[in-house]
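Novice:
Residue numbers (this note's numbering), protein chains in the order written: chain A, 1131 to 1266; chain B, 1131 to 1266.
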């Protein structure tokens, strides 16, 4: 059986790589994995995944890899411990990032929604939302 | 310290939810987590993540959740064991899904790139690519 094991990479598209780098590194605190001027900046998420941020006008051209690239606000969710919700609210506020919406999920878990500088809808979510074996 | 723990959800946007459901459930073999006609279909990825597929004309309107939705080919990567590469090539071929590109990465790992029915660039990748603590 060909079983897919995990979600290794998610991509979002941005209009300014420097602003994206500042936001994901300094505001969200993700470790920078690598970058290529005019094309991309990559961040590690936890122990097993990577968030890829691309300039779509670059990646839509294709190069050694097949073309991709989307326009409009994308979306993804990053897991945080339940006990850090309040400190995330404070941290986002300190960086001038408004929380656009909060949601408490039927199965458990609570989400904060806000925008990255490109307008992507970023979600921070505590465990319980999906009843997955590992908590989230 | 507010440390983000994991990548919980990635989203892609499609133009036909039924075709997306068939592709991700039957071709890729992901367990269906839930769906809402005219809006979304969700799949579990491994033990700790979820792939969200949305109709952007629905989610861009916003509802109880903030609006999001992108157009153009998105991208994400799903992890597979190294020993399943050949059987994935066979499986994709059996379903009439052409592999658009293969890539062997400098640090290790090998990727198959192909399109979902909406044109999103899907990648299956074996461990080694990022030197993450857990293999990928």
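All residues carry an ideal CB built from backbone N, CA and C; glycine is no exception.
With H, G and I counted as helix, E and B as strand and the rest as coil, what does DSSP make of residue 1198 of chain A?
Specialist: The residue labelled residue 1198 of chain A in the question sits at position 68 within the first chain. Three-state result, residue 1198 of chain A: coil.
Novice: Taking a contact to mean a Cβ-Cβ separation below 8 Å, would you say residue 1196 of chain A touches residue 1230 of chain B in this structure?
Specialist: Numbered from 1 along the first chain, position 66 holds the residue referred to as residue 1196 of chain A. Numbered from 1 along the second chain, position 100 holds the residue referred to as residue 1230 of chain B. Their beta carbons are under 8 Å apart, which means residue 1196 of chain A touches residue 1230 of chain B by this criterion.
Novice: On the premise that residue 1150 of chain A lies in contact with residue 1190 of chain A, defined as a C-beta separation below 8 Å, what is that separation, rounded to the nearest angstrom?
Specialist: The residue labelled residue 1190 of chain A in the question sits at position 60 within the first chain. The residue labelled residue 1150 of chain A in the question sits at position 20 within the first chain. Not a contact, Cβ separation roughly 17 Å.
Novice: Helix, strand or coil for residue 1225 of chain A? Go by DSSP, reduced to three states.
Specialist: Here residue 1225 of chain A is taken as the residue at index 95 of the first chain, counted from 1. Reduced to three states, the DSSP call for residue 1225 of chain A is coil.
Novice: Could you tell me which chain B residues have their CB closer than 7 Å to the CB of residue 1231 of chain A, listed as they occur along the chain?
Specialist: By one-based count along the first chain, residue 1231 of chain A stands at place 101. Per Cβ cutoff of 7 Å: 1195, 1196.
Novice: May I ask you to report which of helix, strand or coil DSSP gives residue 1233 of chain A?
Specialist: Numbered from 1 along the first chain, position 103 holds the residue referred to as residue 1233 of chain A. Strand.
Novice: Report, in whole angstroms, the separation of the C-beta atoms of residue 1239 of chain A and residue 1259 of chain A, which I expect to be a contact under 8 Å.
Specialist: As a working mapping, residue 1239 of chain A is identified with position 109 in the first chain. As a working mapping, residue 1259 of chain A is identified with position 129 in the first chain. Confirmed, Cβ separation roughly 3 Å.
Novice: Would you verify that the beta carbon of residue 1179 of chain A is, or is not, closer than 8 Å to some beta carbon of chain B?
Specialist: Against the first chain, residue 1179 of chain A aligns to sequence position 49. Closer than 8 Å: yes.
Novice: Alpha carbon to alpha carbon, what distance is there between residue 1245 of chain B and residue 1139 of chain A?
Specialist: For the purposes of this step, residue 1139 of chain A is taken as the residue at position 9 of the first chain. For the purposes of this step, residue 1245 of chain B is taken as the residue at position 115 of the second chain. Going from the Cα of residue 1139 of chain A to the Cα of residue 1245 of chain B covers about 16 Å.
Novice: I believe residue 1212 of chain A touches residue 1256 of chain A by the beta-carbon criterion, under 8 Å. Please report the beta-carbon distance rounded to the nearest angstrom.
Specialist: Counting from 1 along the first chain, the entry for residue 1212 of chain A is found at position 82. Counting from 1 along the first chain, the entry for residue 1256 of chain A is found at position 126. About 4 Å; that satisfies the 8 Å criterion.
Novice: Distance check for residue 1166 of chain A and residue 1236 of chain B, CA to CA, integer angstroms please.
Specialist: Within the second chain, residue 1236 of chain B is the residue found at index 106, counting from 1. Within the first chain, residue 1166 of chain A is the residue found at index 36, counting from 1. Each residue's Cα considered, the two are about 16 Å apart.
Novice: List the residues of chain A whose Cβ lies closer than 8 Å to the Cβ of residue 1150 of chain B, in chain order.
Specialist: If you number the second chain from 1, residue 1150 of chain B lands on position 20. In chain order: nothing, as chain A lies at least about 15 Å away.
Novice: From the DSSP output, read off the bridge partner residues of residue 1190 of chain B.
Specialist: Here residue 1190 of chain B refers to the residue found at position 60 of the second chain. DSSP lists no partner for residue 1190 of chain B.
Novice: Can you round the beta-carbon distance between residue 1160 of chain A and residue 1137 of chain A to whole angstroms, since I take them to be within the 8 Å contact cut?
Specialist: Reading the first chain from its first residue, position 30 is the one you call residue 1160 of chain A. Reading the first chain from its first residue, position 7 is the one you call residue 1137 of chain A. Contact doesn't hold; Cβ gap of about 16 Å is too wide.
Novice: So does residue 1185 of chain B have its beta carbon nearer than 7 Å to some heavy atom of the ligand ZN?
Specialist: Absent from the structure shown: the ligand ZN. Ligands present: none.
Novice: Leaving out the 5 sequence neighbours to the left and right, which residues in its chain are closer than 7 Å to residue 1156 of chain A when beta-carbon positions are compared?
Specialist: Locating residue 1156 of chain A in the first chain gives position 26, where the first residue counts as 1. Result list for residue 1156 of chain A: empty, nothing under 7 Å.
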